[in-house]
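K.L.:
Using our numbering, you'd call the opening residue of the first sequence number 122 and step up by one each time. We treat Cβ as the ideally placed atom computed from N, Cα and C, and that holds for glycine. What follows is a single structure, and I will ask about it in a moment.
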Amino acid sequence: MDFPPRPQRPAPPLPALRRPDTGEVLQQIMAITDQSLEEAQARKHALNCHRMKPALFSVLCEIKEKTGLSIHGIQEECPPNAQLMRLDNMLLAEGVSRPERRGRGGPVAAANTATPGGCSNDNSLEHSDYRAKLSQIRQIYHSELEKYEQACREFTTHVTNLLREQSRMRPVSPKEIERMVSVIHGKFSAIQMQLKQSTCEAVMTLRSRFLDARRKRRNFSKRATEVLNEYFYSHLNNPYPSEEAKERLARKGGITVSQVSNWFGNKRIRYKKNMGKFQEEATIYTTKMAVGGLGSQASCPSTPSSGSSGPFPLTSAGDALVTLQTLASLRPAPAGGSLRSQARGSRLGAAPPVLTASLSGDPGSINSDASN
DNA sequence: TTCTATGATTTAGA
DNA sequence: TCTAAATCATAGAA
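Structure, rendered in structure tokens:
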């Protein structure tokens, strides 16, 4: 068996009968690509009918047999890609892989399952924004995925047809076609992995942005501020709500306990720093309490304070209210009242044990949070 | 754009 | 762990 000579070094032509060598035939095949479709078809047909074609075919078969061994094993099946699995899992967890849920709420509702943080009742505006953006990402992801899959299908079909066509000219086994198809699929899944990676990054960015946004300051609702102020001004002598009181205030105001703590921390220091500024506010709340419009106040005893002895001296309005309250039902506190209250008083310095009076007829209640 | 109010965070002390 | 105090960062008004 003789190998076909290389095109660049053609064998010397036979002296008598010029035998068209395989190099020439190959060149003709290569030249087909430069021709128009009709021309190419005609040339192809001519080549197919060429008397040397069977010989060329058998030569190619032999070459293939020899080179085939070295090719085998190159395109081994890759093990399942761990990274791809991770990406898939993440997209599934984020609700991106899942198909869009139809019906109530549309795309927005579909993103509900992927709301980070697990909080469901507050920050609804931010949530809807998050959901909308996640939905957008999902839509882009699915549309791109669909595009890739379609392109993959088309390209695979095209290559398969091409190989089948070529199998008339050169030996192309079905297994070879299969392998080529799997190579194509591999390339496309690499592209898909990039898409998945980008989508994951986008979701991560969105998530972190959303979580950051939750840290942003939001003014409390009017109701929450009212509830907190009511407590603050009715416990001005000792504005340190107990844990239970904080929980109750948090529930009433629709905020968290730590927000209540923050609020009282800020309020105490700011009130102390600039009492004059809070005069009006104090008047409003103490008047409210005096009128008795605040249900909570009935159970939140206020303190008859001197207005200047404690760490949080009352404003004139507070003084007036407390004076009324004191006149109404001032009772001496039983000995050994709230240790916490007293401890606080001593800690803050200068504040003597405080007598707490109540309009609601709870004499002797000394704890700042006697309502608990 | 600037200023003020205010919720959140950090740090230090008890 | 709680609080005071300082500070940061932002919403909202002017």
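What's the C-alpha gap between Gln204 and His306?
P.N.:
By one-based count along the first sequence, residue 204 stands at place 83. By one-based count along the first sequence, residue 306 stands at place 185. Distance between the alpha carbons of Gln204 and His306: 17 Å.
K.L.:
Measure from the alpha carbon of Lys185 to the alpha carbon of each residue in Pro360, His171 and Pro292, then state which is nearest.
P.N.:
Along the first sequence, read from residue 1 onward, the residue named residue 185 stands at position 64. Comparing Cα-Cα distances from Lys185 to each of Pro360, His171 and Pro292, the minimum goes to Pro292.
K.L.:
Tell me the DSSP secondary structure of Asp209 in three-state form.
P.N.:
Locating residue 209 in the first sequence gives position 88, counting from the first residue. Here Asp209 sits in helix by DSSP.
K.L.:
For a quick check, are the C-beta atoms of Ser320 and Ile258 less than 8 Å apart?
P.N.:
Here residue 320 corresponds to residue number 199 of the first sequence, with the count starting at 1. Here residue 258 corresponds to residue number 137 of the first sequence, with the count starting at 1. Here residue 320 is Thr; the residue named in the question, Ser, does not match the sequence. Yes, they are a contact pair.
K.L.:
Please classify Lys268 as buried or exposed, where buried requires at least 16 neighbouring CB atoms within 10 angstroms.
P.N.:
Here residue 268 refers to the residue found at position 147 when the first sequence is read from its first residue. Classification of Lys268: exposed, given that the 10 Å Cβ count is below 16.
K.L.:
With a threshold of 7 Å on Cβ separation, who are the neighbours of Val378 within its own chain once the five nearest residues in sequence on each side are excluded?
P.N.:
In the first sequence, the residue the question calls residue 378 occupies position 257. Contacts found: Lys367, Glu368 and Ala371.
K.L.:
Quick check on DSSP: helix, strand or coil for Cys240?
P.N.:
Position 119 of the first sequence holds residue 240. In this prediction, Cys240 has a pLDDT of 37, which is less than 50 and means its spatial position is unreliable; nothing more can be read from the coordinates.
K.L.:
If I measure Cβ to Cβ from Gly457 and keep anything under 6 Å in the same chain, skipping five residues before and after, which residues do I get?
P.N.:
Taking the first sequence and counting its residues from 1, one reaches residue 457 at position 336. Annotation note: pLDDT 33 at Gly457 (below 50); position unreliable, coordinate value reported separately. So the list is empty, once near-sequence residues are dropped.
K.L.:
Within its chain, find whatever has a CB closer than 7 Å to the CB of Leu212; leave out the 5 residues flanking it on each side and keep chain order.
P.N.:
Taking the first sequence and counting its residues from 1, the one referred to as residue 212 is at position 91. Excluding positions up to five away in sequence, the list reads Ser218, Lys317, Thr320 and Cys321.
K.L.:
CA-CA distance, Met206 and Gln313?
P.N.:
Here residue 206 is taken as the residue at index 85 of the first sequence, counted from 1. Here residue 313 is taken as the residue at index 192 of the first sequence, counted from 1. Roughly 12 Å between the two C-alpha positions.
K.L.:
My understanding is that Tyr392 touches Asn350, with C-beta atoms under 8 Å, so please give their C-beta distance in whole angstroms.
P.N.:
Position 271 of the first sequence, counted from the start, is the residue given in the question as residue 392. Position 229 of the first sequence, counted from the start, is the residue given in the question as residue 350. 10 Å between Cβ atoms; not a contact.
K.L.:
Under 8 Å, do Leu168 and Lys174 count as touching if we go by C-beta distance?
P.N.:
Here residue 168 refers to the residue found at position 47 when the first sequence is read from its first residue. Here residue 174 refers to the residue found at position 53 when the first sequence is read from its first residue. It is a contact, given that the beta carbons lie within the stated cut-off.
K.L.:
Hey, Arg341 and Pro360 are a contact pair by Cβ (cut 8 Å); roughly how many whole angstroms apart?
P.N.:
Locating residue 341 in the first sequence gives position 220, counting from the first residue. Locating residue 360 in the first sequence gives position 239, counting from the first residue. First, the amino acid is wrong: residue 341 is Phe here, not Arg. That belief does not hold up - the Cβ atoms of Phe341 and Pro360 are roughly 17 Å apart, past 8 Å.
K.L.:
Along the alpha helix (DSSP H) that carries Tyr352, what are the first and last residues, could you check?
P.N.:
Locating residue 352 in the first sequence gives position 231, where the first residue counts as 1. Here the alpha helix (DSSP H) through Tyr352 covers Lys343 to Ser355.
K.L.:
Which same chain residues, not among the five before or five after Ile376, have their C-beta less than 7 Å away from its C-beta?
P.N.:
Position 255 of the first sequence, counting from 1, holds the residue named residue 376. Contacts found: Phe341 and Ala345.
K.L.:
Put Tyr269 into one of helix, strand or coil per three-state DSSP.
P.N.:
Within the first sequence, residue 269 is the residue found at index 148, counting from 1. DSSP places Tyr269 in helix when its eight states are reduced to three.
K.L.:
Between the alpha carbons of Leu283 and Met301, how many angstroms are there, rounded?
P.N.:
Here residue 283 corresponds to residue number 162 of the first sequence, with the count starting at 1. Here residue 301 corresponds to residue number 180 of the first sequence, with the count starting at 1. Distance between the alpha carbons of Leu283 and Met301: 11 Å.
K.L.:
Does the Cβ-Cβ distance between Val348 and Gly374 come in under 8 Å?
P.N.:
Along the first sequence, one-based indexing puts residue 348 at 227. Along the first sequence, one-based indexing puts residue 374 at 253. Yes, the pair counts as a contact, with Cβ atoms nearer than the cut-off.
K.L.:
Of all the options Phe309, Lys394, Gln148 and Ser303, which has the alpha carbon lying nearest to the alpha carbon of Glu504?
P.N.:
There is no way to answer for residue 504, as the model of the chain reaches only from 122 to 493.
K.L.:
For Lys388, collect the residues of the same chain with a Cβ closer than 6 Å to its Cβ; drop the 5 residues on either side in sequence, then sort them by chain order.
P.N.:
Position 267 of the first sequence, counting from 1, holds the residue named residue 388. Taken in chain order, the residues that qualify are Phe353.
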